[in-house]
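Engineer:
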Amino acid sequence: MHILIFGTGGVGGYFGGRLALAGEKVTFIARGDHLRTMLDHGLKVESTLGNFVIHPINATDNLIEVADPDVILLCVKAWQLPGAAKLILPFLQRDTFIVPLQNGIDAPSQLAEILGREHVLGGLCGIFSHVAGPGQIHHTGGHPWVAFAELDNHLSARAQDLLEVFEHAGVEAEIPADIQLALWQKFLFISAFSGIGAVTRVPVGIFRAQQGTRQMFIDAVQECYAVAIAHGIPLPADSVTNVIDSLDRIQPEAISSLQRDILNARPSELEAQVGTVVRLAQHHKIPTPQFSLIYNSLLPQEKLARGDAS
Numbered sequence: 015m016h017i018l019i020f021g022t023g024g025v026g027g028y029f030g031g032r033l034a035l036a037g038e039k040v041t042f043i044a045r046g047d048h049l050r051t052m053l054d055h056g057l058k059v060e061s062t063l064g065n066f067v068i069h070p071i072n073a074t075d076n077l078i079e080v081a082d083p084d085v086i087l088l089c090v091k092a093w094q095l096p097g098a099a100k101l102i103l104p105f106l107q108r109d110t111f112i113v114p115l116q117n118g119i120d121a122p123s124q125l126a127e128i129l130g131r132e133h134v135l136g137g138l139c140g141i142f143s144h145v146a147g148p149g150q151i152h153h154t155g156g157h158p159w160v161a162f163a164e165l166d167n168h169l170s171a172r173a174q175d176l177l178e179v180f181e182h183a184g185v186e187a188e189i190p191a192d193i194q195l196a197l198w199q200k201f202l203f204i205s206a207f208s209g210i211g212a213v214t215r216v217p218v219g220i221f222r223a224q225q226g227t228r229q230m231f232i233d234a235v236q237e238c239y240a241v242a243i244a245h246g247i248p249l250p251a252d253s254v255t256n257v258i259d260s261l262d263r264i265q266p267e268a269i270s271s272l273q274r275d276i277l278n279a280r281p282s283e284l285e286a287q288v289g290t291v292v293r294l295a296q297h298h299k300i301p302t303p304q305f306s307l308i309y310n311s312l313l314p315q316e317k318l319a320r321g322d323a324s
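Just add 14 to the spot in the sequence shown (first one is 1) and you have the numbering used here.
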């Protein structure tokens, strides 16, 4: 199976690196100094599970140079997804399928609209990792995992083939019975975790230990849960409790990618992770005071990072 990693950031660099390390045929899409360093010195991954280097490496910034991938793991940020899909479209082969690994719940439908539903699986992952410098990925904690499935939840041969590829590489992987439910179960956690972290600007170990910010997190999770139920997503009754338990198991220094981008004044996934909750809540007429506070507090800086201070 030829795997194209579109976006060699913390997610794509780690999972693509693990697949390449296991001997799979992997091509990485990267650019600038990151790409040049990868080509010259390899992709270096520092991980709590063990460091490794992929060198030589198949990497390029030009899709013309990529020969017929079987699967594309789309690992760009959520706000970059429509642009990436339009770049991929002219090169999409009949049997190529795409697995998006963005945070949020909208990636599969966005891709299906641009590329065709037959090419798209739903996907999600869990990992704390980031680009530490050109050609360098740091996996700082958490047990990495991926999950993916057909949008109609049927068990397809291509999903099973990809599952075997990840398992061969020693990466925890799953085909969930309901991909929309799986996306929302992660979203219930990441939307509140990213939002509270970005507003407080401290690692999780600090904001979960303070009574006030811990309660803000719990309130936000409850708001997102109410929105999910109103939206027809059958989240289990113990979902909020499970999310709180997850919060307490995370290494104390962890921060989300959204928080990292906010702290560095870069465009972030604010709209995909927090704005989505606010908009769906407005649609279903559900009050979300915590998410509204988070969104409106972070929106001015988000606009500034995108060159729109109006």
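Glycine is no exception: its CB is placed at the ideal position from the N, C-alpha and C atoms.
(1) Alpha carbon to alpha carbon, what distance is there between GLY97 and GLN124?
(2) Please classify HIS153 as buried or exposed, where buried requires at least 16 other C-beta atoms within 10 Å of its C-beta.
(3) Let's test the definition: count the other Cβ atoms within 10 Å of the Cβ of HIS133 and tell me whether it reaches 16, buried, or not, exposed.
(4) Which full runs of the beta strand (DSSP E) of 3+ residues lie inside the segment 43–127, going along the chain?
(5) Give the range of the beta strand (DSSP E) segment to which GLN150 is assigned.
(6) For PHE231, tell me which candidate among GLY246, ILE258, ALA240 and ALA242 has the shortest Cα-Cα distance.
(7) For GLN375, which of ARG45, GLU79, VAL25 and HIS168 has the nearest alpha-carbon?
(8) Let me make sure I understand the geometry here. Which of ASN256, ALA268, ALA286 and LEU318 has the alpha-carbon closest to that of ALA279?
(9) May I ask which residues mark the beginning and end of the alpha helix (DSSP H) holding GLY211?
(10) Mind checking who LEU176 pairs with in its DSSP beta bridge?
(11) If you drop the 5 nearest sequence neighbours on each side, which residues of the same chain put their C-beta closer than 7 Å to that of LEU106?
(12) Would you list the one or two residues that DSSP bridges to HIS16?
(13) From THR255 to PHE203, what distance separates their C-alpha atoms?
(14) Where GLN340 and PRO250 are concerned, what is the direct C-alpha to C-alpha distance, given to the nearest angstrom?
(15) What residue range does the beta strand (DSSP E) around ILE141 cover?
(16) Would you kindly work out how many angstroms separate the C-alpha atoms of LEU313 and SER306, rounded to a whole number?
Structural biologist: Result, derived from the coordinates:
(1) 11 Å
(2) buried
(3) buried
(4) 57–61, 66–68, 85–88 and 111–114
(5) 150–164
(6) ILE258
(7) The chain is shown from 15 up to 324; residue 375 falls before or after that span and cannot be answered.
(8) LEU318
(9) 193–214
(10) Bridge partners of LEU176: none, in fact.
(11) LEU129 and HIS133
(12) LYS39
(13) 11 Å
(14) Nothing can be reported for residue 340, as the shown portion of the chain is limited to 15 through 324.
(15) 135–147
(16) 10 Å
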